[in-house]
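Notes to accompany the following structure.
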Amino acid sequence: MIKTVFDEKLNLLNEIPAGASIGIIACADCAAAFKTADTRRIEQVKKIFGGRNETLFTLSVNSPCDRRVLAQFAAAVRGFDKADCYIILACEAGRRSAAEYIAQRRKSGEDFKIISPVKTVSYVSLDCSGVSHEACVFCGECVRSSSAAAACPVAACPINKKDGPCQSRANDFCVIEGFESRRCSWLY
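In the numbering used here, the protein residues as written are 1 to 188.
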């Protein structure tokens, strides 16, 4: 899954002029799992604008990063092409896919704005209790493991070390401050 966080520093009221109509497109998959696009977040974003801006639609899409899926959902939404501003609650791939789809669908020269208060931070796996674990840091140095843990040692390492265990280690445990009780990811 793509891990996202909501950018609390971004002031949406400063980004969108009063009176501009808005449409909200939210990811019902990864971003919803990290509460950057779940129902509560969508309602929170709508509430920010109160009576200041009209919300024409809210659209929760499974994987808006797949433009084919987005197109299917958007086709059923009245007013989709009428928004002055689209707020995208999705990872960067979902934001880009939505922006390109909207630009393609809108008439040439029409003015509209795309805003996303969501930041993409990493690629993770979720365990059964919903806790996320780094799965990949996109370093391009894939180290395949056949152990039961089968975790990428680069992603599992707190400093994302690519070339094996730290030389300063005295045992099988991590030498990085705050992680001393964790086994070295390179020694699984």
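Glycine residues also receive a C-beta, built at the ideal position from the N, C-alpha and C atoms.
| Asked | Found |
| --- | --- |
| DSSP state of G178 mapped onto helix, strand, coil | coil |
| E134 - DSSP class collapsed to helix/strand/coil | strand |
| Limits of the unbroken beta strand (DSSP E) element including C27 | 22–27 |
| Burial state of T39 (16 or more Cβ within 10 Å) | exposed |
| Residue range of the unbroken beta strand (DSSP E) whose run includes V118 | 118–126 |
| Terminal residues of the beta strand (DSSP E) in which I102 lies | From DSSP, I102 is part of no beta strand (DSSP E) but of the alpha helix (DSSP H) over 92–105. |
| Length at least 4, wholly inside the region 20–83: the alpha helix (DSSP H) runs in chain order | 30–33, 39–49, 67–74 |
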